[in-house]
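Numbered by my numbering, the letters in the sequence shown go through residues 59 to 388 in order. All C-beta atoms in this analysis are idealised placements derived from N, C-alpha and C, irrespective of residue type, glycine included. Please read all numbers here as calculations on a predicted model, not as lab measurements. I have placed the structure first, in the form of structure tokens, so that the comments after it can refer back to it.
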Amino acid sequence: MAILVLGGAGYIGSHTVYELIDAGRDVVVADNLQTGFRAAVHPKARFYQLDIRDKGALDTLFQAEDIEGVIHFAASSQVGESMSDPLKYYDNNLHGTMVLLKSMVEHGVDKIVFSSTAATYGEPERVPILETDRTQPTNCYGETKLSMEHMMSWVSRAHGLKYVALRYFNACGAHPSGAIGEAHDPETHLIPIILQVPNGQREAVSVFGDDYPTADGTCIRDYIHVTDLAQAHILALDYLLKGGENNVFNLGNGVGFSVKEVIDVAREVTGHPIPAVISPRRAGDPAQLIASSQKAIDVLGWQPRYNDLNTIIATAWAWHRSHPHGFEEG
Ligand code: UDP
């Protein structure tokens with residue numbers, strides 16, 4: 059039986075496919091290639107180009123393949139864009155997941171692990187954040203992800219579907235082999251943007267706000283390596299396949315770095331001065347997000363291996379330096 063990875067040509071999806079195949083699993087990938095790249099899909103995975111809002115295409119896939127579980131990454135994921143174009147997020151993330159669940163229920167596929175986000179919490183009541191803490195998103199991206207969690211829960215009650223929601227903190231880094239890495243167009247994430255400076259593609263990095271209530275005034279985030287996230291998906295799917303109940307897990311390192319600290323580490327790793335310019339705040343950004351991942355460690359047996367930011371940024375730098383245009387030919 060195979061595992062279906064939706065959004066398996068994207069950043070976290072493609073890394074999860076590599077880990078699944080390394081673990082000897084049979085993998086089917088589906089992706090509409092709107093933000094993902096065909097070249098990011100592991101050559102041993104069977105590939106379907108489809109949009110999850112296309113129920114006919116999903117039905118055909120579920121008829122053709124013997125799927126034991128789904129890992130669902132197919133969603134829009136930019137905080138800033140979700141504030142300027144919220145309906146895109148309702149359409150792709152909520153409507154897309156609704157069509158997917160309909161097709162899964164009809165085909166008797168009843169296990170799903172999916173990408174949720176730290177953005178479901180909004181401005182946290184305290185850090186590190188526990189899964190039981192208040193969820194009150196401050197941006198539309200987080201709102202749609204929280205609604206996806208709720209949708210799964212209601213479908214579970216009605217149809218017996220079992221799900222695990224993984225609330226990622228800040229995914230970063232690249233596959234240690236250098237075969238795949240992060241590539242978004244346009245790029246919005248902090249670490250790849252910083253690395254565009256030593257790569258000669260940008261003069262300086264903008265720091266979005268230095269008047270937050272943090273030690274140096276810049277936002278604090280919990281950066282977690284993409285390979286560690288990938289491993290958590292496999293553990294979560296195996297947990298469901300062994301009969302585990304619906305669950306929600308935070309995935310982070312439990313350590314926060316400010317935007318200024320991240321830039322300092324990147325200066326150290328690359329040996330480049332990386333000029334930084336203080337700019338206005340970005341809409342929807344909470345001041346501080348740091349995970350408690352104790353539950354994933356205890357229940358799933360998750361063991362993040364990349365717990366220092368220098369190593370994480372070094373893997374990202376190795377990828378960006380050798381692929382300055384991502385998966386596109388230079
Ligand atoms: N950020 C920044 N300059 C940039 C991109 C991001 O200062 O060019 C900040 C952003 O405001 C946030 C942090 O870096 O506080 C991480 O942002 P990113 O978009 O990487 O991830 P997010 O936290 O939104 O998931």
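In three-state terms, what does DSSP make of residue i?
{"i": "residue 110", "result": "coil"}
{"i": "residue 448", "result": "The displayed coordinates of the chain run from 59 to 388. Any statement about residue 448 would go beyond what the structure contains."}
{"i": "residue 180", "result": "strand"}
{"i": "residue 276", "result": "coil"}
{"i": "residue 254", "result": "helix"}
{"i": "residue 346", "result": "strand"}
{"i": "residue 220", "result": "strand"}
{"i": "residue 281", "result": "strand"}
{"i": "residue 201", "result": "helix"}
{"i": "residue 169", "result": "strand"}
{"i": "residue 249", "result": "helix"}
{"i": "residue 194", "result": "strand"}
{"i": "residue 313", "result": "coil"}
{"i": "residue 133", "result": "coil"}
{"i": "residue 88", "result": "strand"}
{"i": "residue 187", "result": "strand"}
{"i": "residue 215", "result": "helix"}
{"i": "residue 96", "result": "helix"}
{"i": "residue 325", "result": "helix"}
{"i": "residue 120", "result": "helix"}
{"i": "residue 147", "result": "helix"}
{"i": "residue 115", "result": "helix"}
{"i": "residue 353", "result": "helix"}
{"i": "residue 383", "result": "coil"}
{"i": "residue 139", "result": "helix"}
{"i": "residue 300", "result": "coil"}
{"i": "residue 290", "result": "helix"}
{"i": "residue 330", "result": "coil"}
{"i": "residue 208", "result": "helix"}
{"i": "residue 319", "result": "helix"}
Could you give the first and the last residue of the continuous alpha helix (DSSP H) run that contains residue i?
{"i": "residue 368", "result": "367-380"}
{"i": "residue 79", "result": "69-80"}
{"i": "residue 161", "result": "154-164"}
Report the partner residues of residue i according to the DSSP bridge assignment.
{"i": "residue 125", "result": "60"}
{"i": "residue 175", "result": "226"}
{"i": "residue 336", "result": "265"}
{"i": "residue 104", "result": "86"}
Assuming residue i and residue j make a contact with CB atoms under 8 Å, what is their CB distance in whole Å?
{"i": "residue 349", "j": "residue 227", "result": "5 Å"}
{"i": "residue 381", "j": "residue 239", "result": "6 Å"}
{"i": "residue 138", "j": "residue 246", "result": "6 Å"}
{"i": "residue 328", "j": "residue 77", "result": "That pair is no contact at about 27 Å."}
{"i": "residue 298", "j": "residue 169", "result": "4 Å"}
{"i": "residue 70", "j": "residue 288", "result": "7 Å"}
{"i": "residue 236", "j": "residue 360", "result": "Contact flag wrong, Cβ pair sits at about 25 Å."}
{"i": "residue 183", "j": "residue 191", "result": "6 Å"}
{"i": "residue 197", "j": "residue 342", "result": "3 Å"}
{"i": "residue 255", "j": "residue 332", "result": "5 Å"}
{"i": "residue 129", "j": "residue 295", "result": "6 Å"}
{"i": "residue 204", "j": "residue 157", "result": "Contact doesn't hold; Cβ gap of about 19 Å is too wide."}
If you follow the beta strand (DSSP E) that residue i is in, where does it begin and where does it stop?
{"i": "residue 306", "result": "305-309"}
{"i": "residue 143", "result": "Where residue 143 is concerned, there is no enclosing beta strand (DSSP E), given that its DSSP letter is neither H nor E."}
Could you confirm whether any beta carbon from chain D is found closer than 8 Å to the beta carbon of residue i?
{"i": "residue 365", "result": "Judged by its chain identifiers, the structure shown contains no chain D, having just a single protein chain."}
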